[in-house]
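Written below as structure tokens is the structure these notes are about.
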Amino acid sequence: MTPPPPVPPVQIPGAWPWPDFKFWQVASTTSTMDDARLQRAAGCRRGGVLADAQSAGRGRLPGRRWQAEPGASLLCTLWLPRAEFQAAPPSLLVGAAVRLALEQCLTGELGRLEIKWPNDLLVDGRKLAGLLCEAAGDTVFCGLGLNIEPVTVGAAAAAAFRRPPTSLRQAFGQAPERGRLLAALADSLAALCGGRLDWLEVVQAHLAWRGQTVEFRPGLGNGPAVRGRLDGVAVDGSLVLTTDAGWYCALSGELTLVGGLE
Numbered sequence: 336m337t338p339p340p341p342v343p344p345v346q347i348p349g350a351w352p353w354p355d356f357k358f359w360q361v362a363s364t365t366s367t368m369d370d371a372r373l374q375r376a377a378g379c380r381r382g383g384v385l386a387d388a389q390s391a392g393r394g395r396l397p398g399r400r401w402q403a404e405p406g407a408s409l410l411c412t413l414w415l416p417r418a419e420f421q422a423a424p425p426s427l428l429v430g431a432a433v434r435l436a437l438e439q440c441l442t443g444e445l446g447r448l449e450i451k452w453p454n455d456l457l458v459d460g461r462k463l464a465g466l467l468c469e470a471a472g473d474t475v476f477c478g479l480g481l482n483i484e485p486v487t488v489g490a491a492a493a494a495a496f497r498r499p500p501t502s503l504r505q506a507f508g509q510a511p512e513r514g515r516l517l518a519a520l521a522d523s524l525a526a527l528c529g530g531r532l533d534w535l536e537v538v539q540a541h542l543a544w545r546g547q548t549v550e551f552r553p554g555l556g557n558g559p560a561v562r563g564r565l566d567g568v569a570v571d572g573s574l575v576l577t578t579d580a581g582w583y584c585a586l587s588g589e590l591t592l593v594g595g596l597e
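Taken in order, the sequence shown gives residues 336 to 597; the numbers are from this note's numbering.
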């Protein structure tokens, strides 16, 4: 079998928004998150790792893996000093940054593109992107897997996601270059961290299932279920529901749409 042609290096338009930001592109890796931690340990305070392919990118929940063919997805981890996020929850701020970046890189109406609390982006209820933010010491690592071209999903992943994922090509008929997407993401992230844009305003405006009946399970999704209307997100990143017993707020857990396939 003839091996696939190598993926060309990405071209980053313009300059990074942080003067000391360093960037690495690798052909293949198990996880950009692991690579990023190694670079931070070596002394890089701000940086990014982009992989053409990865074999074991992990999600927030155990057992969920993000895999992609070379060049088919934006697979990266960016890391910044923790202080730059101020009091904002990193996963929601980064979700807002991804939404804003896609607004820069796509044309047409994007109302179907929504932010799912706490760490996904959906189009028509199907997963387009997954986020994983981890704090270690004075640093926050922000991992992203964004489908640009259609992806192949195995049986285990299909069961975990409940619905097949989608891609920019499938949902919008567009496939922006990864370098352009990454540059737009960095610019949006810098604007939100710097307070020039309001992460909460972006999340509230594009929150998936807002006003609908949802089921929430705390922790890793194995706690007792709470059902109510999704009212929005609080300034600390908490989910806000109205239940039969009154308001219910939570910082961590799994959310599903009642009567949906998510």
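For every residue, glycine included, the Cβ atom is placed at its ideal position computed from N, Cα and C.
None of the values given here were measured: they were computed from a predicted structure.
Closest Cα partner of residue i within the set the options
i	options	result
S523	G508, T548 and Q439	Q439
G563	G382, G572 and E550	E550
D579	A519, V561, V568 and A585	V561
Q547	P354, R513, L592 and G530	L592
P352	A418, A526, G588 and W582	A526
G588	A569, P559, G581 and L435	P559
F507	A518, N482 and A519	N482
S598	E512, V486 and A350	Any property of residue 598 remains undetermined from this structure, which presents the chain solely from 336 to 597.
D533	V570, C468, P453 and G443	V570
R434	R372, Q539 and G567	Q539
P499	E419, G567 and D459	D459
R531	V361, F420, K462 and T367	F420
C411	P453, T367, A432 and G594	T367
G529	E444, A422, K462 and R513	A422
V568	E512, P453, G472 and N557	P453
G472	R372, G594 and A436	R372
Beta-carbon proximity check, residue i vs residue j, cutoff 8 Å
i	j	result
L590	L574	yes
L427	G572	yes
G300	S363	Because the chain is modelled from 336 through 597, residue 300 falls outside the range shown and cannot be assessed.
D455	G465	yes
R515	P348	yes
A521	P553	no
Assigned exposure category for residue i - 16 Cβ within 10 Å defines buried
i	result
A470	exposed
Q346	exposed
P424	buried
A431	buried
Other residues of its chain near residue i: CB distance less than 7 Å, five sequence neighbours each side excluded
i	result
A543	E449, I450, K451 and L457
D565	Note that residue 565 is Leu in the sequence shown here, rather than Asp. Correct list, in chain order: W544, R545, G546, Q547, V549 and L576.
P405	P339, V342, D387 and A388
C379	K357
A518	I347, P348 and G349
E484	A407, S502, R504 and A510
Y583	V561, G563 and L576
Contacts around residue i, its chain only, beta-carbon distance under 8 Å, and the 5 residues preceding and following it disregarded
i	result
W359	D370, Q374, G382, G383, V384 and L385
T474	R375, R380, W414, L415, P416 and R417
T442	Q509
E536	none
G581	none
In DSSP terms, what residue i is bridged to
i	result
Q360	L385
F476	W414 and E469
F551	V561 and L590
A464	L456 and L481
Cβ shell of residue i (< 6 Å), same chain only, five flanking positions each side left out
i	result
H297	Since the first residue of the chain shown is 336 and the last is 597, residue 297 is not available in this structure.
C477	L413, V429 and C468
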